[in-house]
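Enquirer: Here it is, the structure, as structure tokens.
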Ligand SMILES: Cc1cc2nc3c(=O)[nH]c(=O)nc-3n(C[C@H](O)[C@H](O)[C@H](O)COP(=O)(O)OP(=O)(O)OC[C@H]3O[C@@H](n4cnc5c(N)ncnc54)[C@H](O)[C@@H]3O)c2cc1C
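Numbering (the working numbering), first residue to last: 1 to 568.
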């Protein structure tokens, strides 16, 4: 296997078998880790020698950048400890500790309502990676390479992996577990060029370290943030707690005490200006939305029927199914089924708007927080959103293992993405803090809904019907979509241009079989090439969750990948 110093490889374990299946996993984040663990189990079970090479751009094996153990502890998971359920690998025996036990032993944290730091989960994943390397079954050898892969080519002896001028391979199988891939965005490119020409600053929300460093220079300046989701919440923590500010609980509620290092004002904005709804504030409140295994199974079976029919508007029967599942919960809360059905009819109508979400953003934030804390009854949207959160696993179970028409996949993915404002909600504390920042005059929501943005000599002007505000810093807190057509990273772009990758539908990711095997432009299987996770959105659903990384899709891939030792 030729390799140059641009892709230095480190053997971690040895496997002297000449007949080993040569497998490369590109991407060493949680999904790459889960795939390697599943492969170890298959190698042992099938007594199949496998030579695994894990290749990652940043060398953060196990954690990937989103759970980088070196990042600030201010970046939090959006799931409380009581809801984190990451299965342990089946090999080795005994398997590593569960995350909750590890967090207690390592950091002394065992409060089920605690939202862990992403760095803590990353420390756990890095530990799991080391544990895999230390205890790999004799059938599995592991080596790592830190390299940004720019292309893959098929040769008579297998797949060659290119990292600039360096090459690794050949491999019998290659799995892409690359996470979010950068997408071309004309507006962002214009803003970046503008910042380079002027005194204005333009930075992405991640990585956090350079952002925090730059924030120390932004005292007294006005900062615009593109996006109003979870990444914006991360950025707000950096621009307040990260600069020495603190939040004090007072009789009247949470109060922000500035350090004097903060910017003058922070102006987040998004296309619809609707803030996400926080998760229920305790296990007791969350239990109000419990649906139970029988209803979960009913949902998975009902959805399976809808997905297999390729009808014009699958969201109509899906709404009826969801209303059925949510009706008993609504009943306990004094809400009639009709109210749920009416809300769902508006939700699936692209032209309609929910009256509650037409209110000013700060009011929506306060209202959803009151629902999360059970100080006020939930709106039908909040209720449906929590039920949808609890249905994420049955949703994947029904959607992922079957082939679905492009139009059905497009509708379902859009519906799921839209409901993320509830189902991927932040910790309630994030909303309390945002309201305290509004009261302190630091967080300014006047430009929150789709402002017109023009470039001016010293930055940007954000204007709306009654607003005209200037900012000299712009932070991009919008994550790229899982849209194959928009990706501009060399590896994906090269494979797409050659027709080896095709979209599962409009604005969707890569078309694959349920085991991850890629389907080319003509719908034929690409032997030995598979994709899992975000970039396969449309072939699979609800990938943006750490639970999905360790789900059934990875096991399906490993079972397929460890077969057919005679592929060469
Ligand atoms: C900022 C952020 C915060 C998140 N927070 C949460 C959360 O709180 N809870 C939750 O459930 N989910 C969260 N998610 C969703 C998240 O996507 C998953 O939890 C998880 O990180 C996905 O794992 P992955 O391995 O698929 O992708 P990643 O973790 O992104 O790993 C992909 C790996 O591939 C590597 N790579 C990419 N391109 C190449 C290339 N060309 N060559 C070589 N290597 C390459 C990258 O370096 C990276 O290490 C978050 C996502 C982001 C972006």
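For every residue, glycine included, the Cβ atom is placed at its ideal position computed from N, Cα and C.
Please name the residue, chosen from 515, 112 and 473, that lies closest to residue 263 on a Cα-to-Cα basis.
Expert: Selected option, being the one with the closest Cα: 473.
Enquirer: Look at the alpha carbon of residue 291 and the alpha carbon of residue 284, and state the distance between them as a whole number of angstroms.
Expert: If I take the Cα positions, the gap works out to 14 angstroms.
Enquirer: Name the one or two DSSP bridge partners that residue 313 has.
Expert: DSSP lists no partner for residue 313.
Enquirer: Quick one, which of 61, 276 and 366 has its alpha-carbon nearest residue 178's?
Expert: Comparing Cα positions, the closest option is 61.
Enquirer: So, under 8 angstroms CB-CB, residue 462 and residue 267 are touching, yes? Tell me the CB distance rounded to an integer number of Å.
Expert: Confirmed, Cβ separation roughly 6 angstroms.
Enquirer: State buried or exposed for residue 449, treating a residue as buried only when at least 16 other CB atoms are found within 10 Å of its CB.
Expert: The residue in question, residue 449, is buried, as its Cβ has 16 or more Cβ neighbours within 10 Å.
Enquirer: By how many angstroms is the C-alpha of residue 236 removed from the C-alpha of residue 89?
Expert: Roughly 36 angstroms between the two C-alpha positions.
Enquirer: Within the continuous alpha helix (DSSP H) that includes residue 285, where are the two ends?
Expert: 283–286 is the extent of the alpha helix (DSSP H) around residue 285.
Enquirer: Is the stretch 132–148 touching the stretch 108–116 in the sense that three or more CB pairs, one from each, lie closer than 8 angstroms?
Expert: At 8 angstroms Cβ cutoff, the stretches do not touch.
Enquirer: If you check the beta carbons only, do residue 340 and residue 323 fall under 8 angstroms apart?
Expert: Yes; because the gap between Cβ atoms is below 8 angstroms, this pair is in contact.
Enquirer: From which residue to which residue does the alpha helix (DSSP H) around residue 210 run?
Expert: Residues 208–215.
Enquirer: Would the stretch 138–148 and the stretch 42–54 be scored as touching if the rule is three or more Cβ pairs under 8 angstroms?
Expert: Taking 8 angstroms as the limit for Cβ pairs, the verdict is that the stretch 42–54 does touch the stretch 138–148.
Enquirer: Quick check on the DSSP output: the beta strand (DSSP E) that includes residue 363 runs from which residue to which?
Expert: First-last for residue 363: 361–372, but that is the alpha helix (DSSP H), not the beta strand (DSSP E).
Enquirer: Name, in chain order, the residues that DSSP records as bridge partners for residue 53.
Expert: According to DSSP, which records beta bridges pairwise, residue 53 is partnered with 24 and 143.
Enquirer: Does the beta-carbon of residue 518, which I'm using as the reference point, lie nearer than 7 angstroms to any heavy atom of ligand 1?
Expert: False, no ligand heavy atom lies under 7 angstroms from that Cβ.
Enquirer: From 464, 71, 466 and 501, pick the residue whose C-alpha is nearest to that of residue 207; which is it?
Expert: Looking at the Cα atoms, 71 is the closest of the given residues.
Enquirer: Whole angstroms is fine: what's the gap from residue 327's alpha carbon to residue 77's?
Expert: Between residue 327 and residue 77, the C-alpha separation is close to 30 angstroms.
Enquirer: Between the stretch 381–392 and the stretch 409–427, are three or more C-beta pairs nearer than 8 angstroms?
Expert: The stretch 381–392, when compared against the stretch 409–427, does touch it at the 8 angstroms Cβ threshold.
Enquirer: Using a Cβ-Cβ cutoff of less than 6 angstroms, which residues in the same chain neighbour residue 118 once the five nearest sequence positions on both sides are dropped?
Expert: These residues qualify, in order along the chain: 67, 75 and 77.
Enquirer: Excluding the 5 residues flanking residue 393 on each side, which residues of the same chain have their C-beta closer than 8 angstroms to its C-beta?
Expert: Once the five neighbours on either side are set aside, the close Cβ partners of residue 393 are 296, 547 and 551.
Enquirer: Suppose contacts are defined by Cβ-Cβ distances below 8 angstroms. Is residue 467 in contact with residue 447 by that definition?
Expert: Closer than 8 angstroms, so yes.
Enquirer: Would you say the stretch 528–546 touches the stretch 184–193, given that touching needs at least three Cβ pairs under 8 angstroms?
Expert: With the cut-off at 8 angstroms, the stretch 528–546 and the stretch 184–193 do not touch.
Enquirer: Look up residue 61 in the DSSP assignment and say whether it is helix, strand or coil.
Expert: Residue 61: coil per DSSP, three-state reduction.
Enquirer: Secondary structure at residue 97, three-state DSSP: helix, strand or coil?
Expert: Reduced to three states, the DSSP call for residue 97 is coil.
Enquirer: Pair every Cβ in the stretch 397–413 with every Cβ in the stretch 247–258, then say whether three or more of these pairs are closer than 8 angstroms.
Expert: Contact between the stretch 397–413 and the stretch 247–258 is absent, because fewer than three Cβ pairs lie under 8 angstroms.
Enquirer: Is the stretch 157–175 close to the stretch 16–28, with three or more CB pairs under 8 angstroms?
Expert: As far as the Cβ criterion goes, the stretch 157–175 touches the stretch 16–28, which means the pair count is three or higher.
Enquirer: How long is the line joining the alpha carbons of residue 215 and residue 475, rounded to whole angstroms?
Expert: Distance between the alpha carbons of residue 215 and residue 475: 11 angstroms.
Enquirer: Using the C-alpha atoms, what's the distance from residue 469 back to residue 195?
Expert: About 18 angstroms.
Enquirer: Taking all protein chains shown into account, decide if residue 260 is buried (16 or more other Cβ within 10 angstroms of its Cβ) or exposed.
Expert: So residue 260 ends up on the exposed side.
Enquirer: Have a look at the DSSP bridge pairing and note the partners of residue 460.
Expert: Partner(s): 455 and 471.
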